[in-house]
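Enquirer: So that we are looking at the same thing, I have put the structure below in structure tokens.
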Amino acid sequence: MSPIMIRRRTAAAALTAALLVPLAACGKSDDKAAAAGTTPEPKAVNLTVLAASSLTDVFKTAGAEYEKTHPGTKITFSFAGSQELAAQVKQGAPADALVTADTKTMDGLKAETGDATVIAKNRLVIAAGKANPFKIDELKDLADTKIKVVLAAPEVPVGRYSKQILDAQKIEVKPVSQEPNVRAVLSKVELGEADAGLVYKTDSAKSGDKVVTVEIPDDQNAVASYPAATLKQSKNATDAAAFVAWLSTPEAQKILQDAGFQKA
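If you're matching positions, the sequence shown starts at 15 in this note's numbering and goes up one per residue.
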């Protein structure tokens with residue numbers, strides 16, 4: 015073999031050895047990390063969840079718990095009436111998951127969502143003004159024209175439920191205003207701008223002594239269902255699906271039920 019060929023083979027061997035040294039070192043480093051039990055840092059994920067306004071308080075608690083048990087995940091909630099949320103979805107608002115206060119709204123978004131799962135239920139109550147000066151104790155009392163009643167607009171789930179139960183009992187109520195969501199109805203009563211309103215039981219419970227809660231018998235009431243689904247436009251499909259699935263776990267269900275929601 016010529017001296018030139020020998021020199022070329024020697025140079026090639028040296029280069030190969032030089033390249034293998036850092037790879038071997040990397041392998042040893044990975045082995046040490048594995049032996050030490052270390053894990054890679056979790057990827058950062060930001061999820062935006064559109065949710066019915068009646069979920070405001072409980073979802074803040076649920077979101078904080080989810081973030082604690084899922085390091086790296088940050089959840090931002092956007093609360094509004096279900097009809098407003100539906101409009102946002104159809105307009106392409108950037109979001110990852112949706113939770114409405116009725117199945118009708120969710121059913122109208124099948125082209126934009128994944129399969130929906132009901133995660134909780136709720137019922138209506140009468141929220142009467144502080145000290146309940148008109149002594150309201152049943153639905154038919156709301157027909158009294160001396161009582162200023164506020165309801166949610168009929169296109170809002172709670173407004174639709176309100177109309178449903180009033181119509182079923184043949185009770186005619188002329189509201190002084192129709193609000194865009196349940197929180198707005200409750201606020202009117204809390205502030206004394208209305209004497210009574212129909213709201214979800216969970217919302218009335220959060221008002222403390224600002225309102226008097228009057229229960230409505232089951233046979234005169236309506237059940238509100240809360241379906242949750244991922245949005246097809248989500249850029250975090252896997253993580254969004256994981257959050258929606260978590261809402262049905264015992265951990266999440268306890269948070270919902272402690273807040274007064276009924277089991278799905």
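The beta-carbon is built from N, C-alpha and C at its ideal position, and this holds for glycine as well.
The structure presented is a predicted model; accordingly, all values stated were derived computationally and were not measured.
Using a Cβ-Cβ distance cut-off of 7 Å, determine whether Ile269 contacts chain B.
Expert: The chain labelled as chain B is not found in the depicted structure, where only one protein chain is given.
Enquirer: Thinking C-beta only, is Val228 closer than 7 Å to Asp151?
Expert: For this step, residue 151 is matched to residue 137 along the sequence shown. For this step, residue 228 is matched to residue 214 along the sequence shown. Yes.
Enquirer: What did DSSP end up calling Gly206 once you bin it into helix, strand or coil?
Expert: Taking the sequence shown and counting its residues from 1, the one referred to as residue 206 is at position 192. Coil.
Enquirer: If I measure Cβ to Cβ from Lys220 and keep anything under 7 Å in the same chain, skipping five residues before and after, which residues do I get?
Expert: By 1-based counting over the sequence shown, the position of residue 220 is 206. Excluding positions up to five away in sequence, the list reads Asp71.
Enquirer: Okay, do the stretch 253 to 270 and the stretch 184 to 204 touch, 3+ Cβ pairs below 8 Å being the bar?
Expert: Touching, no.
Enquirer: Going by CA-CA distance only, name the one from Ala273, Gly222, Ala182, Ala255 that's closest to Asp232.
Expert: In the sequence shown, residue 232 corresponds to position 218, counting from 1. With distances taken between Cα atoms, Asp232 lies closest to Ala182.
Enquirer: May I have the straight-line CA-CA distance separating Gly128 from Phe257, to the nearest angstrom?
Expert: Counted from its first residue, the sequence shown places residue 128 at position 114. Counted from its first residue, the sequence shown places residue 257 at position 243. Taking the straight line from one Cα to the other gives about 13 Å.
Enquirer: Since Val63 and Ala107 should fall inside the 8 Å C-beta cutoff, what is the C-beta to C-beta distance between them, to a whole number of angstroms?
Expert: As a position in the sequence shown, residue 63 is number 49, starting the count at 1. As a position in the sequence shown, residue 107 is number 93, starting the count at 1. The Cβ separation is near 12 Å, so there is no contact.
Enquirer: Let me know if Thr216 comes out buried or exposed under the rule of 16 or more other beta-carbons within 10 Å of its beta-carbon.
Expert: Locating residue 216 in the sequence shown gives position 202, counting from the first residue. Its Cβ being crowded by 16 or more others within 10 Å, Thr216 is buried.
Enquirer: Measure how close the beta-carbons of Leu156 and Val163 come, nearest whole angstrom, since I'm counting them as under 8 Å.
Expert: The residue you call residue 156 lines up with position 142 of the sequence shown. The residue you call residue 163 lines up with position 149 of the sequence shown. Contact holds; Cβ gap of about 5 Å.
Enquirer: To the nearest angstrom, how far is it from the Cα of Thr244 to the Cα of Ser191?
Expert: For the purposes of this step, residue 244 is taken as the residue at position 230 of the sequence shown. For the purposes of this step, residue 191 is taken as the residue at position 177 of the sequence shown. Approximately 34 Å, taken between the alpha carbons.
Enquirer: Using the Cα positions of Ala208 and Pro189, report the straight-line distance between them to the nearest angstrom.
Expert: For the purposes of this step, residue 208 is taken as residue 194 along the sequence shown, with counting starting at 1. For the purposes of this step, residue 189 is taken as residue 175 along the sequence shown, with counting starting at 1. Going from the Cα of Ala208 to the Cα of Pro189 covers about 9 Å.
Enquirer: Does DSSP put Glu169 in a helix, a strand or coil?
Expert: Taking the first residue of the sequence shown as position 1, residue 169 is located at position 155. DSSP places Glu169 in coil when its eight states are reduced to three.
Enquirer: Please report how far the alpha carbon of Glu98 lies from the alpha carbon of Val170, in whole angstroms.
Expert: Within the sequence shown, numbered from 1, the residue matching residue 98 stands at position 84. Within the sequence shown, numbered from 1, the residue matching residue 170 stands at position 156. Approximately 9 Å between the Cα atoms of the pair.
Enquirer: Taking the alpha-carbon positions, what's the Thr83 to Leu270 distance?
Expert: For the purposes of this step, residue 83 is taken as residue 69 along the sequence shown, with counting starting at 1. For the purposes of this step, residue 270 is taken as residue 256 along the sequence shown, with counting starting at 1. Taking the straight line from one Cα to the other gives about 17 Å.
Enquirer: Applying the criterion that 16 or more other CB atoms from any shown protein chain within 10 Å of the CB defines a buried residue, is Gly206 buried or exposed?
Expert: Stepping through the sequence shown from its first residue, residue 206 is reached at position 192. With fewer than 16 Cβ atoms within 10 Å of its Cβ, Gly206 is classed as exposed.
Enquirer: On a CA-only basis, which of Leu112, Arg197, Ala167 is nearest Leu61? Give me that one, please.
Expert: Reading the sequence shown from its first residue, position 47 is the one you call residue 61. It is Leu112.
Enquirer: Under 8 Å by Cβ, that's how I've got Asp116 and Ala238 pegged, so tell me the actual separation to the nearest angstrom.
Expert: Taking the sequence shown and counting its residues from 1, one reaches residue 116 at position 102. Taking the sequence shown and counting its residues from 1, one reaches residue 238 at position 224. Yes, Asp116 and Ala238 are in contact; Cβ-Cβ is about 6 Å, under 8 Å.
Enquirer: I'd like to know whether the C-beta atoms of Arg137 and Asn235 end up nearer to each other than 7 Å.
Expert: By 1-based counting over the sequence shown, the position of residue 137 is 123. By 1-based counting over the sequence shown, the position of residue 235 is 221. Yes; because the gap between Cβ atoms is below 7 Å, this pair is in contact.
Enquirer: Does DSSP put Lys88 in a helix, a strand or coil?
Expert: Taking the first residue of the sequence shown as 1, we reach residue 88 at position 74. In this structure, Lys88 counts as strand in the three-state DSSP scheme.
Enquirer: Quick check: what's the CA-CA separation for Gly222 versus Glu186?
Expert: Taking the first residue of the sequence shown as 1, we reach residue 222 at position 208. Taking the first residue of the sequence shown as 1, we reach residue 186 at position 172. Approximately 29 Å, taken between the alpha carbons.
Enquirer: Could you tell me the distance, in whole angstroms, from the CA atom of Lys57 to the CA atom of Asn146?
Expert: Mapped onto the sequence shown, residue 57 falls at position 43. Mapped onto the sequence shown, residue 146 falls at position 132. Roughly 52 Å between the two C-alpha positions.
Enquirer: So is Asp253 buried or exposed if we call it buried at 16+ other beta carbons inside 10 Å?
Expert: For the purposes of this step, residue 253 is taken as the residue at position 239 of the sequence shown. Looking at its Cβ environment, which holds 16 or more other Cβ atoms inside 10 Å, Asp253 is buried.
Enquirer: With H, G and I counted as helix, E and B as strand and the rest as coil, what does DSSP make of Val196?
Expert: On the sequence shown, residue 196 is found 182 positions in, with the first residue counted as 1. In the structure shown, Val196 sits in a helix (DSSP, three-state: H, G or I).
Enquirer: Just list the alpha helix (DSSP H) runs in the stretch 90 to 122, keeping only unbroken ones of 4 residues or longer that don't cross its boundaries, in chain order.
Expert: Listed in chain order, the complete alpha helix (DSSP H) runs (minimum 4 residues) inside the stretch 90 to 122 are 96 to 104, 117 to 121.
Enquirer: Can you check whether the CB of Thr87 is closer than 7 Å to the CB of Ile79?
Expert: Within the sequence shown, the letter at position 65 stands for residue 79. Within the sequence shown, the letter at position 73 stands for residue 87. The residue asked about is misnamed: residue 79 is Glu in this sequence, not Ile. It is not a contact, given that the beta carbons lie outside the stated cut-off.
Enquirer: Measuring only the C-alpha atoms, how far is Ala142 from Ala210?
Expert: As a working note, residue 142 is residue 128 in the sequence shown. As a working note, residue 210 is residue 196 in the sequence shown. C-alpha separation (whole angstroms): 4 Å.
Enquirer: Out of Val196, Leu153, Ile161, state which residue places its alpha-carbon closest to the alpha-carbon of Ile179.
Expert: Along the sequence shown, read from residue 1 onward, the residue named residue 179 stands at position 165. Among Val196, Leu153, Ile161, the Cα nearest to that of Ile179 belongs to Leu153.
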